[in-house]
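A.B. asks: With the sequence shown counted from 1, adding 69 to any position gets you my numbering. Idealized CB from N, CA, C, for every residue including glycine. Questions regarding the structure given below will be posed in turn.
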Amino acid sequence: MNERVKQKLDGKKVLFISAKFYHYGEAVYEKIKTYGADVSFYYERDTNFGHVIAANFFQGSIDKRQDRHYKKILKEISGKAFDYLVVIRGYRMKGWFVEAVKAQNPGIQTLLYEWDSLSFWDSDYTSLIPHFDKTLSFDYKDCEDFKLPYAPTFHMDEYATIEKTEPEIDFIFCSNYTDEKYEFVKKFIDYTRRKGYKVHIHLYLSWFKYYKEKLRGNIIDYNLVAFKRLPREDYFKLFCKSKTIVDFSATVQSGLTMRVIDALGSGKRVLTNNANVAKEPGFNPHQIVIYDAKNLNLPDYINDGEYFEKKDYSIDNWLDNLFFATAHLSK
70 MNERVKQKLD
80 GKKVLFISAK
90 FYHYGEAVYE
100 KIKTYGADVS
110 FYYERDTNFG
120 HVIAANFFQG
130 SIDKRQDRHY
140 KKILKEISGK
150 AFDYLVVIRG
160 YRMKGWFVEA
170 VKAQNPGIQT
180 LLYEWDSLSF
190 WDSDYTSLIP
200 HFDKTLSFDY
210 KDCEDFKLPY
220 APTFHMDEYA
230 TIEKTEPEID
240 FIFCSNYTDE
250 KYEFVKKFID
260 YTRRKGYKVH
270 IHLYLSWFKY
280 YKEKLRGNII
290 DYNLVAFKRL
300 PREDYFKLFC
310 KSKTIVDFSA
320 TVQSGLTMRV
330 IDALGSGKRV
340 LTNNANVAKE
350 PGFNPHQIVI
360 YDAKNLNLPD
370 YINDGEYFEK
380 KDYSIDNWLD
390 NLFFATAHLS
400 K
């Protein structure tokens, strides 16, 4: 437990609003509670199928839907007193919502964390920056452009407890489908087959997205994708069995993905196309192998199963950054 985080949170009331992305929002919620805080937790948007339909076919209605969602939160918290407002991402959140929370809670500290790159999604958060006491980002470029404190994402606690074992798989690549990742997977499978490596790939694609792409004329080989999400427990088992974790970051994103963070936190080797990882403290090119997706050529030691010193990217450390990080990255 981080003692100075405990001093910040013990006995405090927190309004926590987070993106729904796998189990990560819930994990932060549970961790904050372990520090003695009373937490009211809301998702940043409705999580029902109605939002999926609106996002894909009725984009013009999204802002109104989000306004209703945030007004509903305000109504539900009316009469409650909070010491902190903590927001992860804040999909289509407007300044009026933050100001309304402040008006209900004089003296509240407001903290915004962005774990998506500004250039990579459809919710421009820059208008929110003046309304929050502090805005942090995982993205190097966003931190440089807007003079924000840098705070990498986090791994679950179990990754720091992984013990050295004899791996059964050379590489695992588990991610959600994008066109870029799909093209990479095809190249990576061809490369590793020629080299004789043992690989496990789980590229999740919903049936909805599959048929949507098909209607657009994009033919996707269904043998290369998975139509079911990989459960957290199954991913962790595969992770433990693997020598090297493979990461493919979007070319417009400079921040480190969860896969890189998981690998660094567990002491495993990671293969990534994101050269920005070289900026991380203690960067070791033998552990973090940066590859060119257009010209795959991996070093011979890539699958030797070596373990490395574990680095602390825990949620505890993330909370420390949230409350105490102040320095921005200089160009």
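1. When you compare only the Cα positions, how much space is there between D259 and G374?
2. What is the rounded straight-line gap between the Cα of I231 and the Cα of Y98?
3. Does DSSP put K171 in a helix, in a strand, or in coil?
4. Return helix, strand or coil for A344, following the three-state DSSP convention.
5. If you draw a straight line from the C-alpha of K163 to the C-alpha of R262, how long is it?
6. Let me know the alpha helix (DSSP H) ranges lying completely inside the region 138 to 204, each 4 residues or longer, listed in chain order.
7. Quickly, what does DSSP pair C243 with across the bridge? List them, please.
8. Whose C-alpha, out of R161, Y273, Y360 and L143, is nearest the C-alpha of I131?
9. Scan the region 286 to 325 and note each continuous alpha helix (DSSP H) run of 4 residues or more that stays entirely inside, going in chain order.
10. According to the neighbour-count rule (16 or more other Cβ atoms, all chains shown, within 10 Å of its Cβ), is M327 buried or exposed?
11. Does the region 374 to 394 come close enough to the region 216 to 225 that 3 or more CB-CB pairs lie under 8 Å?
12. Just verifying my parser: in three-state terms, what is the DSSP assignment at D101?
13. Hey, F151 and K82 are a contact pair by Cβ (cut 8 Å); roughly how many whole angstroms apart?
C.D. replies: Taking the geometry as given:
1. Between the C-alpha atoms of D259 and G374 there is a straight-line separation of about 22 Å.
2. Those two C-alpha atoms are separated by around 23 Å.
3. In the structure shown, K171 sits in a helix (DSSP, three-state: H, G or I).
4. Collapsing the DSSP output to three states places A344 in a helix.
5. Distance between the alpha carbons of K163 and R262 is about 49 Å.
6. 164 to 173, all fully within the region 138 to 204.
7. C243 is bridged to H271.
8. A check of alpha carbon separations from I131 across R161, Y273, Y360 and L143 identifies R161 as the nearest.
9. Qualifying alpha helix (DSSP H) stretches, in chain order: 301 to 310.
10. Per the 10 Å Cβ criterion, buried.
11. Cβ pair count under 8 Å is three or more, so yes.
12. A quick correction: the sequence has Ile, not Asp, at residue 101. The answer is helix: DSSP assigns I101 an H, G or I state.
13. Right, their Cβ atoms sit about 5 Å apart.
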